[in-house]
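What follows is a short report on a single structure.
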Amino acid sequence: MKRPERGKSLFRFAAPQLFYPLAGALAPWFAGAAAVLTIIGLWLAFFVAPTDAQQGEVYRVIFIHVPAAWMSMFVYLIMAFWSAVGLVMNTRLSFMMARALAPTGAMFCVVALVTGALWGKPTWGAYWVWDARLTSQLLLLFLYFGFMALTEAIEDPRRADKAGAIIALVGAVNVPIIYFSVKWWNTLHQGASVSLTKAPSMAATMLAGMLVMALASWAYTIAVTLWRVRPLILERERHAEWVAAELDALEGRI
Amino acid sequence: MSRTLGPFAAVLRRDLLLAWRGRADVLVTLAFFVVVVCLFPFGIGAETNQLRSIAPGVLWVAALLATLLSLHRLFAQDHADGTLEQLLLSPEPTVLWVVAKVVAHWIATGLPLVLVAPALALLFDVEQGALGVLVLSLALGTPILALLGAVGAALTLGLRGGGMLLALLVLPLFVPVLIFGAGAVDSHLSGTGADAHILLLGGGLLGALALAPVACAAALRIAVE
């Protein structure tokens with residue numbers, strides 16, 4: 131069978147040796163985009179968006195809370211996606227991406243929970259209620275912890291990668307089950323204010339601020355993940371010649 | 003027929019025999035269940051109405067913890083003495099004997115909990131009409147716990163601190179089973195009928211039976227690689 135042309139295809143970046151410099155080159159751009167978008171988003175959030183008619187100023191926490199909650203769920207799905215790719219295609223880089231994503235997803239979970247608690251106290255009168263959204267978000271955080279703990283506990287990297295991939299996939303199947311089970315069990319959290327199928331129920335500047343903050347979260351996630359995957363690549367590929375050359379170059383720079 | 007049932011029955015028979023020979027190990031799980039359930043009145047006070055209202059949740063949480071405690075035994079011995087590798091090398095389909103092992107494990111550790119639960123429920127003054135629902139919910143729910151737990155047990159096989167890790171991995175996954183299991187008894191007691199919860203548990207059992215053994219087999223292959 132004829133091998134596919136390697137030179138042009140984007141898939142060539144599945145090779146850690148090629149992805150390492152690419153990640154290094156792209157990460158600062160995404161970090162810069164994240165910084166710019168965050169400044170615009172926070173400016174919209176705190177100076178442009180009007181005070182909410184019902185909730186007053188406290189509603190402004192949504193500009194951080196909602197994008198963080200969205201990202202915490204997206205990141206888990208992306209992690210599960212890379213895990214599946216890794217298991218099916220046996221690509222080393224996919225597993226490294228999954229492991230680089232997990233801490234960021236867990237961080238967004240924590241941010242969503244903490245900002246939600248700070249919003250809940252003045253609004254619901256309690257930092258925590260056993261509501262469907264809150265509870266499933268907490269369980270999602272535990273799923274991240276489980277993934278990270280398992281991959282850290284196994285010393286052999288190949289076994290750690292594959293075991294982590296399996297628990298990521300099992301968790302991905304369970305996330306909707308957990309979500310709906312706790313939803314039927316107990317619901318207090320307000321419904322979604324933003325939906326693809328109907329007109330938004332909030333002021334345009336509020337929506338704009340939230341979406342800009344969501345884009346900022348995306349850019350931040352991509353930047354941090356690319357930076358986190360680079361040392362993972364160096365560690366895993368330490369037997370390769372290009373890593374030795376890379377490390378020599380790094381040492382020369384210091 | 004015997005070609006597929008042969009290895010299934012053989013593994014089931016062997017594991018049940020091993021469980022029977024090591025009864026003390028298995029009985030510890032049951033004793034743990036009973037002791038944990040009996041701790042609650044001491045912890046929250048012996049007021050009858052309160053006990054009656056928390057009974058379904060207490061019994062379910064205790065059953066869940068007892069299941070968790072017994073899970074590490076599922077593959078550990080076979081892993082230590084090399085049986086697991088032989089089973090994986092054998093031409094029999096892995097999923098088949100994985101299911102056999104989980105079924106044997108459930109008969110040895112889960113079924114006793116289901117059978118003892120009504121007696122414990124009476125200690126909490128649960129009305130007798132709800133006992134059938136409790137038994138049914140546990141009979142449908144504890145196999146799901148065993149199936150999901152088997153995946154976690156396979157992933158943590160032979161790791162230091164595997165027990166704690168196993169708890170962290172599988173407890174979030176156990177939550178839906180807990181909600182529907184305890185919910186079945188609760189909704190029966192409140193008069194809305196337990197059908198919906200029981201059906202969801204049944205669906206969950208079928209789903210877990212279809213998916214968990216595949217993940218478990220993959221995890222076992224990784225563990226002995």
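Going line by line, the protein sequences match chains A and B.
For what it's worth, my numbering labels the leading residue of the first sequence as 131, then goes sequentially.
For what it's worth, my numbering labels the leading residue of the second sequence as 3, then goes sequentially.
We put the CB at the ideal spot given by N, CA and C, even for glycine.
Let me know the secondary structure DSSP gives Gly47(B) once reduced to three states.
Numbered from 1 along the second sequence, position 45 holds the residue referred to as residue 47(B). Note: Gly47(B) maps to coil in three-state DSSP.
Can at least three beta-carbon pairs, one atom from the stretch 188-205 of chain A and one from the stretch 155-175 of chain A, be found at a separation below 8 Å? yes
**Request:** For Asp127(B), write down the residues that DSSP places opposite it in a beta bridge.
**Result:** The sequence position of residue 127(B) within the second sequence is 125, counting from 1. None, per the DSSP bridge assignment.
What are the boundary residues of the alpha helix (DSSP H) that includes Asp197(B)? By 1-based counting over the second sequence, the position of residue 197(B) is 195. Its alpha helix (DSSP H) spans residues Asp197 to Val226.
Inset, instruction - Would you verify that the beta carbon of Ala293(A) is, or is not, closer than 9 Å to some beta carbon of chain B? - result: As a working note, residue 293(A) is residue 163 in the first sequence. Ala293(A) counts as touching chain B.
| Is Asp182(A) helix, strand or coil by DSSP? | Taking the first residue of the first sequence as position 1, residue 182(A) is located at position 52. In this structure, Asp182(A) counts as strand in the three-state DSSP scheme.
Sequence-distant residues of its chain with Cβ nearer than 6 Å to Gly231(B) (five each side left out): Shown here, chain B extends from 3 to 227; a query on residue 231(B) therefore has no answer.
Would you check if the distance between the CB atom of Ala349(A) and the CB atom of Ala164(A) is smaller than 9 Å?
As a working mapping, residue 349(A) is identified with position 219 in the first sequence. As a working mapping, residue 164(A) is identified with position 34 in the first sequence. Going by C-beta atoms, Ala349(A) is nearer than 9 Å to Ala164(A).
query = With burial defined as no fewer than 16 other Cβ atoms inside 10 Å of the residue's Cβ, what is the status of Tyr150(A): buried or exposed?
reply = Numbered from its first residue, the first sequence carries residue 150(A) at position 20. With a 10 Å radius around the Cβ and a threshold of 16 neighbouring Cβ atoms, Tyr150(A) comes out buried.
I'd like to know if Asn304(A) contacts chain B, where contact means its C-beta is closer than 9 Å to some C-beta of that chain.
If you number the first sequence from 1, residue 304(A) lands on position 174. Output row for Asn304(A): interface = yes.
request  = With DSSP as the reference, label Val259(A) as helix, strand or coil.
outcome  = Translated into the one-based positions of the first sequence, residue 259(A) becomes position 129. Val259(A) falls in the coil class under three-state DSSP.
Checklist line | Cβ neighbours of Leu167(A) in the same chain (closer than 8 Å, five flanking residues each side left out) | finding: Within the first sequence, residue 167(A) is the residue found at index 37, counting from 1. Counting only Cβ-Cβ distances below 8 Å, and skipping sequence neighbours, we find Val342, Met343, Leu345, Ala346 and Ala349.
| Quick one: which chain B residues come within Cβ less than 8 Å of Ala247(A)? | Locating residue 247(A) in the first sequence gives position 117, where the first residue counts as 1. By Cβ distance, chain B contributes nothing, its closest Cβ being about 20 Å from Ala247(A), past 8 Å.
| query | Taking the alpha-carbon positions, what's the Val373(A) to Leu142(B) distance? | reply | The count along the first sequence starts at 1 and reaches residue 373(A) at position 243. The count along the second sequence starts at 1 and reaches residue 142(B) at position 140. For Val373(A) and Leu142(B), the distance between alpha carbons rounds to 54 Å.
In chain A, what lies closer than 7 Å to Ala220(B) by C-beta? As a working mapping, residue 220(B) is identified with position 218 in the second sequence. Chain A residues near Ala220(B): Ile296.
Original post:
Should the stretch 118-132 of chain B be regarded as contacting the stretch 180-198 of chain B, the criterion being three or more beta carbon pairs within less than 8 Å?
Top reply: yes
- Item | Which of helix, strand or coil DSSP assigns to Ile284(A) | Numbered from its first residue, the first sequence carries residue 284(A) at position 154. Looking at Ile284(A) - three-state DSSP - the assignment turns out to be coil, as it is neither helix nor strand.
| Hey, is Val359(A) close to the ligand SAM, as in C-beta under 8 Å from one of its heavy atoms? | Absent from the structure shown: the ligand SAM. Ligands present: none.
Checklist entry - Cα-Cα, which of Gly171(A), Leu207(A) and Pro233(A) is closest to Leu337(A)? => result The residue you call residue 337(A) lines up with position 207 of the first sequence. Here the closest residue by C-alpha is Gly171(A).
Starting from the C-beta of Phe211(A), find all residues in its chain whose C-beta is less than 8 Å away, skip the five residues before and the five after it, and write them out in chain order. Walking along the first sequence from the start, residue 211(A) turns up at place 81. So the list is empty, once near-sequence residues are dropped.
ask   = What are the boundary residues of the alpha helix (DSSP H) that Ala110(B) is part of?
value = Position 108 of the second sequence, counted from the start, is the residue given in the question as residue 110(B). Neither: Ala110(B) is in no alpha helix (DSSP H) and is coded neither H nor E.
Notebook entry, point to check: Closer than 9 Å, CB to CB, is Trp258(A) near chain B or not?
Noted result: In the first sequence, the residue the question calls residue 258(A) occupies position 128. No, no contact with chain B.
Worksheet entry | Cα-Cα separation between Ser213(A) and Asp291(A), rounded to whole angstroms | Indexing the first sequence from 1 puts residue 213(A) at position 83. Indexing the first sequence from 1 puts residue 291(A) at position 161. One C-alpha to the other measures close to 8 Å.
Selected residue, minimal CA-CA separation from Val305(A), among Trp258(A), Pro146(A), Gln185(A) and Leu207(A): Position 175 of the first sequence, counted from the start, is the residue given in the question as residue 305(A). Val305(A) has its Cα closest to that of Leu207(A), out of Trp258(A), Pro146(A), Gln185(A) and Leu207(A).
Test item: CB-CB of Thr265(A) and Trp315(A) under 9 Å: In the first sequence, counting from the first residue as 1, residue 265(A) sits at position 135. In the first sequence, counting from the first residue as 1, residue 315(A) sits at position 185. Result yes, Cβ atoms of Thr265(A) and Trp315(A) sit closer than 9 Å.
Through-space distance from Leu61(B) to Ala119(B), alpha-carbon basis = Working through the second sequence from its first residue, we reach residue 119(B) at position 117. Working through the second sequence from its first residue, we reach residue 61(B) at position 59. If I take the Cα positions, the gap works out to 7 Å.
Any beta-carbon of chain B closer than 9 Å to the one on Arg289(A)? Taking the first residue of the first sequence as 1, we reach residue 289(A) at position 159. A Cβ of chain B is located within less than 9 Å of the beta carbon of Arg289(A).
Should Phe44(B) go down as buried or exposed, given a rule of 16 or more other Cβ atoms within 10 Å for buried?
Here residue 44(B) is taken as the residue at index 42 of the second sequence, counted from 1. Its Cβ having fewer than 16 others within 10 Å, Phe44(B) is exposed.
Taking C-alpha atoms, which residue in Gly164(B), Thr111(B), Ala225(B) and Leu20(B) lies nearest to Ala293(A)? Indexing the first sequence from 1 puts residue 293(A) at position 163. With distances taken between Cα atoms, Ala293(A) lies closest to Ala225(B).
Straight-line gap, Gln185(A) to Trp200(A) (C-alpha atoms, nearest Å): Taking the first sequence and counting its residues from 1, one reaches residue 185(A) at position 55. Taking the first sequence and counting its residues from 1, one reaches residue 200(A) at position 70. So the alpha carbons of these two residues sit roughly 22 Å apart.
inquiry  = Does chain B have any CB closer than 9 Å to the CB of Gly216(A)?
reply    = Here residue 216(A) refers to the residue found at position 86 of the first sequence. At a cut-off of 9 Å, the C-beta of Gly216(A) has no neighbouring C-beta in chain B.
Close Cβ partners of Leu150(B) (< 7 Å) along its chain, the five nearest in sequence each way excluded: Within the second sequence, the letter at position 148 stands for residue 150(B). Taken in chain order, the residues that qualify are Val172, Leu175, Phe176, Ala210 and Ala214.
Give the straight-line distance between the Cα atoms of Phe277(A) and Gly131(B), rounded to the nearest whole angstrom. As a working mapping, residue 277(A) is identified with position 147 in the first sequence. As a working mapping, residue 131(B) is identified with position 129 in the second sequence. So the alpha carbons of these two residues sit roughly 42 Å apart.
Requested in this report: Decide if the stretch 153-168 of chain B is in contact with the stretch 279-289 of chain A; the criterion is three or more beta carbon pairs, one per stretch, under 8 Å apart.
Outcome: yes
Check: Near Phe143(A), which residues of its chain fall below 6 Å by C-beta distance, leaving aside the five closest residues on each side in sequence?
Finding: Residue mapping note: residue 143(A) aligns to position 13 of the first sequence, counting from 1. Excluding residues within five positions, the ones whose Cβ falls inside 6 Å are Phe149 and Leu152.
Original post:
Roughly how many angstroms separate the alpha carbons of Ala247(A) and Trp258(A), rounded to a whole number?
Top reply: Start at 1 with the first residue of the first sequence, and residue 247(A) comes out as number 117. Start at 1 with the first residue of the first sequence, and residue 258(A) comes out as number 128. Whole-angstrom Cα-Cα distance: 6 Å.
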